Amino acid sequence: MKVPFSWLKEYVDIDCNANELAEKLFASGFEVEEIVDLEKSVENIVVGKIVAIDRHPNADKLQVCQIDCGKYGNGIQILTAAKNVAVGDFVPVALHDSKTANGMHILTTKMRGVDSFGMLCSGEELGIGEEFYTGAAADGILILQGEQQVGQAIQAVVGLDDIVLDIAITANRPDCQSIYGIAREIAALLDKPLKMLDTSYTTVYSSIEHLPKMIVTMGGLNLCRQYMGQVLQDVVYKESPKWMQRRLALCGMRAKNAVVDITNYILLELGQPLHAFDVDNIQENIVLRQAENGEKAVLLNEKEVTLTEKQLVIADNEKVLALAGIMGSQVSAVNINTKNIFLECATFDRANIRRSAKAMSMRTDASARYEKGVDSYTGLLAMKRALHFFDNLEVAKVVQEFSAITEIQKCSNSIGSENMTEVLKILPVHAGGLVGKISGYIGNDYQAAIRIVDKTYGYRESIEQIQVQTSYRKINALLGIKVSESKIKNILERLSFTVQEIEGSRELGNIDYKLIGKCLEHRQILVTAPAFREDIEGYADLAEEVIRLYGYQHVKKHLLQKAEITHGGLNAQQQFYNSIKDIFVGQAYQESITFSFISPKDYLLFAMEKEAVQSVTICNPIGEDFSMMRTTLLPSMLQAVSTNMRKNNRAVRLFECANVYKKDTTKILPQENMTLAFALYGENESFYTAKGAFAVLEEQFALKFDYRVIKNHYFHHGRAAEVFCNGQVIGCFGELAPTLAEELSIEYPVYLGEIYLHILEKECNQKKYFTKLTKFSDMYRDISLLMPQDITCKAIEDVIYSTDSSITNVKLFDTYMDKKLGENKKSLAFTITFENVDRERKPEEIDSIMQQVVNNLQQKLNIVRR
Amino acid sequence: MQKKIATLKEEIQIEVQKVFLQENENLRQKLFELKMQFLGKTGKLTDLLKSMKDVAPELRPEMGKYVNELRDYAEKLFAEKERLAREKEMALRYEREKIDITAPAIFQKKGGLHPITLIQNELIAIFTGFGFTVFDSTEFETDYYNFQALNIPEDHPSRDMQDTFFIHKNLLLRSQTSAGQVHVMEQQLPPIKILTTGRVYRSDSDATHSPMFHQMEGLVVDKNITLCDLKGLLDAFAKRMFDCNTKTRLRPSYFPFTEPSVEVDLSCVHCHGKGCKICKNTGWIEILGAGMVNERVLQTCKIDTAKYSGFAFGLGIERIAMIKYGIPDIRLFFENDIRFLKQFNSAKGEK
């Protein structure tokens, strides 16, 4: 939020500079994101008076001016091409070595042989428009008005002597979304009084023939906490005063006409959106109601919108006049011919405005304020302040007869919006008496409260204010330090809270009395929040108010001084996942992290129709490629591989440990299953190096996996396996199918696989236990076998193992294929390990087992020794 | 006899010399053979010893002494020469067998963990040391756990702070790990000290925002927990995560689920508070949000607020990694270029 320093000073006597103020605001929860010093937008530009003008000897378009710049010299010669200067004019003079707002660096120069010691400036070169200075937008040099002191800096003359603070307001402080609101906060910070706003105005009797009636319907009641209306007559269509235009401009708003400018000014000053309707375009009644489904309206931005009953509208008997809190319609807009206006000041339901603005994809200054929250206290103040400007600036006259305020509390609507009953009418903002009256209650489903208000701030008492009963000690117990009672009281009162001490009260409960002393008597206090602080809920909010003004530097550093000691650490599952990651790191795999999303295209590419069906779909994704939650990590893994290939990285091993997600029809939440995916490519990689990912797990967790042939769309049909552990599938891996590789322009053979950790986890024993070492050493025998090519290694291993229990390891160490061996034959050589658990075996015994091995192989697989 | 001894001595010297001059290969073998010629069973010196019996008995002791002296001399000489021969031989062998020791080593290469995991592990190590356990919470959440129970009702403006991915009206991808808080408080009784860490999702994507990123949430609920405990713990964390000279400061902020809420700033790890580009010349870097758990949240979880209070903190792991490792763009984390990933496998000195 942009806050001009000079505007703040209107309400508080600020006795520090903008930087110091920014620091104080920062320390109390308001971050000043930027400080723009307008004074520094130009440099070395002063007021000068033109004392003589001559024609340039060599150029028709240039004039040679002699300028009196006071202390900077009389008779400074400056050339200009502008036509609008005359002797006696006061003009902005950019002296030698000066800087303009648009970044020009002005130096002494020669133009067609004549010296020019600077430049005369236009409004644009000063960075100002009409709202800063009349004539600033005109073509040519800015001619200053009246008699000016020559040689003075230009900034103060054209209104650039200001600083704009850009302050971030947190969502809990909508009351600070205005200049007056932030000034109120600054007053508390600096412990200075806040100046009251002038809300005085006079009223006239109406000369309007048909004054509209204001009707609030049941639907309207639920979506609007407070609705005020005021009719003004004899509108003068004119510009607002310069000071007002300048402030609007400093806050980033453009001046339009006095009526609109006043409403915008109030929006900035008090954070209350106002809307002006042309009364003569209102048919009979002003009705606050829910829109009808399909109802249409053309808004001020010339767009036609189609509404639903979820939207609140201001309408007359025939048409929609405004989409409540968001934008007015074109038919009711104030224009050059407007004679009378109906000024609306409402406290719409923030949730409804938020929903409607979102549904219509329209965010306006007004809707943004409503969404953040506008309090009902400020409403009346804003209305009166607006009427003050209308009256005081002679923009319009305040009509005595039509002035209405409704305040609605605790409404519950069980009846529905069809019951369009005229329920409330209305009492005046200014008259002090009841003008309208409630025309009827509908059952007991709602209560409507109407309050009598007078011309002063007396309204404050009638607003329900939040009260918190607590004690000084409770506040200190949350902070952990001891702030004195008087300091707490002082801080709260500076922030417009009232603090009442409740006599003779005693607080019980679980409190460490030693911390505070022996005193058992703790006075209860009743703290009343100011009406504009709707964010206060309990004593913790008060503690925050206290500490942010007292200063967070007073909070000490304790390491859970009074808390119980707890044993921390990771559970077995977390340790298991960590150990898996460590194992892969130990195998030269690099961990990667990819998005949990998957593209429907990936399911098509991998031909995973079944998976796609189980995948959870996001209803508001950032793009189609991120629109589903992955049921497999493989496509993302492949993407990471392809990224690395594009970058010409030649040997890559990657893994990722992440959840995959599946719909679960029996539960609210989808399943989240921890899965590991790995991929590898490079000169030294093969199907068998990929298989290492599983083998290392077998070794680590003393498991035996079963590898079975798998054929699917994304793996090479001869080089892929599904991996089983105790009869359950725990993973799969293989060479990427050449068809997919081709489609993705992947050149190398890539191997990839997936391990279902959530299943494997249950099979993994992490216990470690000592086994007695045998005294006898292992014995080894090598054997070379000749067999048909399609006999698997596994089949042979199984036969050898089953031959004798002393065989503890069978390891293939050589594979040989040659036509000399015979058609479709291969030779495999194994090393067999014999463990001597109980006694030393003689070589002859081993030889005899070896003979059995050969016999068994012969019988069962028809394999012969080579 | 004496003359014989002298001649033999001279002969030994000459022969040994000869062998050394002539032989390079098999030097030791030749030397051994030579030794045998003199000291072997049938060697010349042995013969001389044997011939002692022919010497006159009165001269034997003296002659015996001379012969023994010669034998000792010869044995020493051969031993010495053998040593030299071995040296010479080894020198030749070393020269023959030498290799290029600057050629690359052969070793089992290690991979490495992702920088996000490294930071996550470091965080977990720090906080488990303070007695925290890690609570794994789901990535899918209902609106209740992600928002309502955290004091963020529907249509609350603070929902704007985080654009959430929805599956349907009630089911969403958690936008903050704070969602885990409520589960913990529903399942455990105080004292509670937990961390929840993992993936979170927000509909946002640029150099500093990613639709998926990682957060860690910490929660402490016990008797007598104060704002001072929060400050102390987070200060200790910062000192261990960055360096022991790191300073922290609290400043007021707003989160619906904490009250009071604070933003925790860190003295800039790059300029140490002097002011630089990274800290935008303020000397401070914002690293996490925290606060005392809002009473409403505790009450929602049926925790007795008369007895217990607590604090919570939440941080972005990418942010910590970016600060600690000097990574400029959040997208680098998810690109998985191996050249990026490998950078964090080994230490790197200060520039």
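The listed protein sequences correspond, in order, to chains A and B.
Heads up: the first sequence runs through residues 4 to 869, numbered per the numbering used here.
Heads up: the second sequence runs through residues 13 to 363, numbered per the numbering used here.
Each residue gets a CB set at the ideal place from its N, CA and C atoms; glycine is no exception.
Values in this document were obtained by computation on a predicted structure and should not be read as measured data.
query: Closer than 8 angstroms to chain B by CB, C522(A); result: Note that C522(A) scores a pLDDT of 44, beneath 50, so its modelled location is shaky and nothing firm can be said.
query: Own chain, CB closer than 7 angstroms to Q503(A), minus 5 neighbours either side, in chain order; result: I528 and L529
query: Residue span of the alpha helix (DSSP H) that contains N676(A), given as start and end; result: First-last for N676(A): Q674 to Y684, but that is the beta strand (DSSP E), not the alpha helix (DSSP H).
query: Sheet register partners of V323(A) (DSSP bridge); result: A318(A)
query: CB contact check: D234(B) to chain A, cutoff 8 angstroms; result: yes
query: Closest by C-alpha distance to D281(A), when choosing among Q293(A), L324(A), L271(A) and D264(A); result: L324(A)
query: Per-residue burial, W246(A) [other beta carbons within 10 Å of its own, 16 or more giving buried]; result: exposed
query: Inside the stretch 50 to 99 of chain B only - alpha helix (DSSP H) runs reaching at least 4 residues; result: 56 to 62
query: K286(B) beta carbon near the ligand MG (any heavy atom closer than 7 angstroms); result: In the structure shown, the ligand MG is absent, as is every other ligand, since no ligand is present at all.
query: Touching by the beta-carbon criterion (3+ pairs, under 8 angstroms), the stretch 301 to 311 of chain B and the stretch 229 to 249 of chain B; result: yes
query: Where the stretch 306 to 325 of chain B meets chain A: residues whose CB sits under 8 angstroms from a CB there; result: N306, E307, R308, A318, K319 and S321
query: Contacts that V398(A) makes with chain B (C-beta to C-beta distance below 9 angstroms); result: What V398(A) touches in chain B: nothing, since even the nearest Cβ is about 33 angstroms away.
query: Cβ separation of S618(A) and I601(A), assumed to be a contact under 8 angstroms, to the nearest whole Å; result: 7 angstroms
query: CB contact flag (K205(B), F144(B), <8 angstroms); result: yes
query: L125(B) in three-state terms, based on DSSP; result: coil
query: Whole-Å CB distance - G274(A) paired with E537(A), under 8 angstroms assumed; result: With a Cβ gap of about 13 angstroms, G274(A) and E537(A) do not count as contacting.
query: Minimum Cβ-Cβ distance from V699(A) to chain B less than 8 angstroms; result: no
query: Cβ of F346(B) within 8 angstroms of any chain A Cβ; result: yes
query: Residue closest to K313(A), alpha-carbon to alpha-carbon, out of Y684(A), D319(A) and N296(A); result: N296(A)
query: Reference L776(A), options L864(A), V840(A) and G106(A), closest by Cα; result: V840(A)
query: Residue nearest to E496(A) in terms of C-alpha spacing, selected from V160(A), P196(A), L679(A) and G78(A); result: P196(A)
query: Within 9 angstroms of chain A by C-beta, residues of the stretch 213 to 230 of chain B in sequence order; result: Y213, S215, D216, S217, S222, P223, M224 and H226
query: is_contact[C227(A), chain B] using C-beta, thresh 8 angstroms; result: no
query: Helix, strand or coil at G121(A) according to DSSP, with G and I counted as helix; result: strand
query: Closer than 8 angstroms at the beta carbon, the chain B residues around V39(A); result: Here the premise fails: no neighbours, minimum Cβ distance about 16 angstroms.
query: Euclidean distance between Cα positions of A89(A) and I56(A); result: 7 angstroms
query: Burial state of L251(A), where buried means 16 or more other Cβ atoms lie within 10 Å; result: buried
query: Cβ contact (3+ pairs, closer than 8 angstroms) linking the stretch 102 to 116 of chain B and the stretch 218 to 232 of chain B; result: no
query: Proximal residues of chain A, C-beta to C-beta of E23(B) below 7 angstroms; result: Correct list: empty, because the minimum Cβ distance to chain A is about 54 angstroms.
query: Residue-chain proximity (G328(B), chain A), Cβ-Cβ < 8 angstroms; result: no
query: Selection of the stretch 570 to 593 of chain A by Cβ proximity to chain B, strictly under 9 angstroms; result: H570, G571, G572, L573, N574, Q576, Q577, N581, K584, D585, F587, V588, G589, Q590, A591, Y592 and Q593
query: Short CB-CB distance (under 8 angstroms) between D255(B) and chain A; result: no
query: Euclidean distance between Cα positions of E524(A) and I356(A); result: With a pLDDT of only 45 at E524(A), under 50, the local geometry of the prediction cannot be trusted, and the value read off the model is given with reservation. So the two alpha carbons sit approximately 48 angstroms from each other.
query: Residue interval of the alpha helix (DSSP H) (run including R551(A)); result: Y542 to Y553
query: Start and end residues, beta strand (DSSP E) containing N812(A); result: I810 to Y819
query: Same chain only: Cβ atoms within 6 angstroms of Y444(A), ignoring 5 sequence neighbours per side; result: Annotation note: pLDDT 28 at Y444(A) (below 50); position unreliable, no value reported.
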